[in-house]
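Here the structure comes first, spelled out in structure tokens, and everything after it is commentary.
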Amino acid sequence: MLAGAGEAFASAADRLTASFPPAVAAFLRLLLRAWGALSVPLLRGAVMLCMAMSVMVLAEKVLLGTASAAAKLLSRRRRPGRRDVPVEPDVEAGGGGGSSACFPMVLVQIPMYNEREVYQLSIGAACRLTWPADRLIVQVLDDSTDAAIKELVREECERWAGSGVDVRYEARTDRAGHKAGNLTEGMRHAYARGCEFVAIFDADFQPSPDFLARTVPLLLRDPGLALVQARWEFVNADECLLTRMQEMSMDYHFKVEQQAGSSLCSFFGYNGSAGVWRRQAIVESGGWDERTTAEDMDLALRAALLGWEFVYVGDVKVKSELPSSLGAYRSQQHRWSCGPALLFKKMLREIVAAERVPAWKKLYIVYNFFVTRRVVSTFFTFFFFSVLLPAKTLFPQVRIPTWQMVCVPTATTLLNSAGTPWRRSAHLVVPWVAFENAMALHRFKAILIGLFEAGRANEWIVTRKSGNGRPTPGAEGRRLKRRCRLHWLELLVGALLLASGCYDCVHGHGYFYLFALPQSIMYFAIGFELLGVHHTS
């Protein structure tokens with residue numbers, strides 16, 4: 001079979017180069033025949049590589065799924081976050097009576113940047129938190145460049161201050177360090193240094209009034225605990241297909257990845273919002289650092305290497321907003337993929353050399369948290385489904401085992417959807433899988449940018465919000481202009497999948513076209529920005 005294929009390829013190469021000058025034709029024939037001799041071995045090597053990566057990814061999903069299920073079903077978390085946890089100053093703080101002095105000082109930080117649509121929601125929710133007024137400071141860190149918006153935010157802070165809430169409005173003259181720089185500047189104030197705990201909420205987050213009452217006691221009980229991370233829930237999940245698919249991915253992240261990390265080794269990536277930090281842990285870890293776009297993960301990793309522990313409380317939920325436009329979502333995913341890759345490159349030696357962390361926890365951080373979950377999984381998803389499978393249609397002599405082509409992807413998909421209520425989202429599994437496969441290209445490109453510290457490695461674009469999913473007036477006038485933006489890599493891969501799917505449908509002996517054609521449609525939908533809603537600037 002190989003000999004016949006080689007002869008056919010050589011004959012095709014001769015016909016292709018016949019119209020060129022003799023010297024050029026000879027060189028082209030040499031290149032084509034070399035490719036003909038190397039292509040099959042290279043593809044077989046790629047199949048073997050993908051076999052190893054698929055096993056790594058599946059094993060990681062099984063580990064996380066088992067750990068999160070055990071934590072949920074058997075209640076084996078070391079620090080349970082029960083709904084009925086009260087704040088009892090005499091028990092938690094060692095005081096007595098009902099004096100507010102028994103409560104610790106808490107600083108609530110709200111960093112924002114031109115957040116016209118949501119500033120009232122976040123400030124209002126923070127000011128309604130149930131906590132003694134003299135033990136709570138709400139700090140609004142406004143980096144807005146729009147003078148009108150700055151004035152609106154200032155007036156909102158003054159309005160709440162007039163009602164008895166200690167609200168501090170802080171604005172910088174520049175945006176150095178972006179969010180990390182903003183939070184650092186906020187911590188430098190004398191009143192902030194007097195607070196024991198720091199709760200952080202992005203501008204679109206709306207904590208319930210009992211948020212502090214259900215999270216701070218966990219920090220009071222355990223002096224070795226640095227962070228309590230709450231779960232996000234989304235007010236605009238039903239806005240469009242894009243937000244529904246994001247909700248499915250985020251459900252898995254919180255219900256499985258965060259829960260498993262908390263249960264296995266008291267470590268996970270801080271989500272950047274809806275968490276309460278012990279200020280001492282922030283200070284000892286070196287504070288916020290703007291060297292990457294993953295300043296939240298950076299701080300969490302440095303704190304973990306000093307021996308601090310984290311806990312995730314999934315029953316404490318904080319309302320927030322998903323990006324409803326594809327452009328905003330792609331910018332967010334670039335930041336979330338590029339930042340961790342650059343952080344891993346910068347901190348690998350520190351992780352390995354850390355003396356306060358046991359070897360098994362270092363292995364979890366390096367192998368599971370960074371390599372498998374972020375690099376291998378993303379590369380495998382893109383390369384196997386969008387490159388290797390289409391290439392296989394041209395080389396039928398390259399065999400991919402059924403277990404690798406069908407069984408492992410099916411099992412991985414089922415495990416990935418474990419966090420999603422099936423009654424709500426079962427009908428979206430197929431487009432969601434196609435969407436995640438297509439977005440893997442964008443994420444892997446961002447990972448490469450981070451690893452090689454290319455030009456966009458520290459690009460920071462604030463995710464646009466609309467405020468509880470309400471479309472901004474005038475969006476229809478912007479819709480046609482936004483849809484003219486093209487993403488050429490996605491369009492190219494979509495065209496290759498379409499061509500290979502059509503070729504397989506006409507000449508193939510399998511059913512690859514049943515996957516390739518729907519997957520190409522999703523690539524085209526992303527390439528032409530047909531997903532999501534489109535807002536005005």
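Here the sequence shown is numbered in full-length UniProt numbering, starting from 1 and rising by one per residue. Don't be surprised by glycine CBs; every beta carbon is placed ideally from N, CA and C.
Residue i - containing beta strand (DSSP E), residue span
i    : result
D142 : L136 to D142
M112 : V106 to M112
L227 : L225 to F234
I200 : F197 to I200
Exposure of residue i, with buried meaning 16 or more beta-carbon neighbours within 10 Å
i    : result
M112 : buried
S377 : buried
H442 : buried
W432 : buried
S263 : buried
P41  : exposed
L31  : exposed
G96  : Any reading at G96 needs caution, since the residue's pLDDT is 42, under 50, leaving its predicted position unreliable; the model's value is listed next. Counting Cβ neighbours within 10 Å, G96 comes out exposed, since fewer than 16 surround it.
G532 : buried
D134 : exposed
H334 : buried
M245 : buried
D202 : buried
E115 : buried
M250 : buried
Y312 : buried
M405 : buried
H534 : buried
P21  : exposed
Y329 : buried
F380 : buried
A125 : buried
V357 : buried
D315 : exposed
M439 : buried
V55  : exposed
R193 : exposed
6 Å CB neighbourhood of residue i in its chain, flanking five on each side removed
i    : result
G272 : D296
T130 : P209, D210 and A213
R485 : E529
R479 : Only weak support exists for where R479 lies, its pLDDT of 41 falling under 50; the value from the coordinates is given anyway. Once the five neighbours on either side are set aside, the close Cβ partners of R479 are H534.
Q332 : P323 and T463
Sequence-distant residues of its chain with Cβ nearer than 7 Å to residue i (five each side left out)
i    : result
L64  : V256, E257 and A260
Y503 : T393
P390 : L496, L497, S500 and A516
V493 : S386, L441 and Y523
E355 : none
Y270 : L227, Q229, D296, M297, L299 and A300
P421 : none
A237 : T243, R244, E247 and L322
E350 : L305
K150 : D142, S144 and A171
Unbroken alpha helix (DSSP H) run spanning residue i, endpoints
i    : result
W131 : No alpha helix (DSSP H) contains W131, which DSSP labels as neither H nor E.
G450 : V429 to F452
V506 : W488 to H507
V357 : From DSSP, V357 is part of no alpha helix (DSSP H); its letter is neither H nor E.
V276 : From DSSP, V276 is part of no alpha helix (DSSP H) but of the beta strand (DSSP E) over G275 to R278.
R188 : Unbroken run through R188: none, as it is neither H nor E.
W422 : W422 to S425
R464 : That residue, R464, is in no alpha helix (DSSP H); it is neither H nor E in DSSP.
R221 : F211 to R221
D251 : L241 to Y252
Beta-carbon proximity list for residue i, same chain, < 8 Å, skipping 5 on both sides
i    : result
L43  : L388, A391, K392, F395 and V398
T413 : V429 and V433
H253 : G419
S320 : D202, D204, F205, Q206, W232, E233, F234, V235, S273 and A274
E60  : N368, T372, R373 and S377
D146 : N114 and R116
Cβ of residue i within 7 Å of any chain D Cβ
i    : result
Q139 : Absence of chain D from the displayed structure is noted, only one protein chain being present.
Contact test: residue i Cβ vs the ligand GTP heavy atom, cutoff 6 Å
i    : result
D166 : The ligand GTP is absent from the structure shown, which contains no ligands of any kind.
* Of all the beta strand (DSSP E) runs that stay within the bounds of the segment 148-179, which reach a length of 3 or more residues? -> Along the length of the segment 148-179, whole beta strand (DSSP E) runs at least 3 residues long occupy 167-171, reported in chain order.
* Using 8 Å as the threshold, is the segment 147-158 in touch with the segment 181-191, meaning 3 or more CB pairs across them? -> Contact fails between the segment 147-158 and the segment 181-191, because fewer than three Cβ pairs, one in each stretch, are under 8 Å apart.
* **Residue ranges of each alpha helix (DSSP H) within the segment 281-354, 4 or longer** => Segments of the alpha helix (DSSP H) lying fully in the segment 281-354: 295-305 and 326-353.
* Which ranges does the beta strand (DSSP E) cover as unbroken runs of at least 3 residues, wholly within the segment 363-419, from first to last along the chain? -> You should have found no qualifying run.
* Asked: Just checking, does the segment 292-310 make contact with the segment 336-353 on the three C-beta pairs under 8 Å criterion?
  -> Three or more pairs of CB atoms, one per stretch, sit closer than 8 Å, so the segment 292-310 contacts the segment 336-353.
* **the segment 440-459 / the segment 159-174 touching (three or more Cβ pairs under 8 Å)** => At 8 Å Cβ cutoff, the stretches do not touch.
* Meets three-Cβ-pair contact criterion under 8 Å: the segment 227-244 and the segment 265-284 -> The answer is yes - the segment 265-284 touches the segment 227-244, with three or more Cβ pairs under 8 Å.
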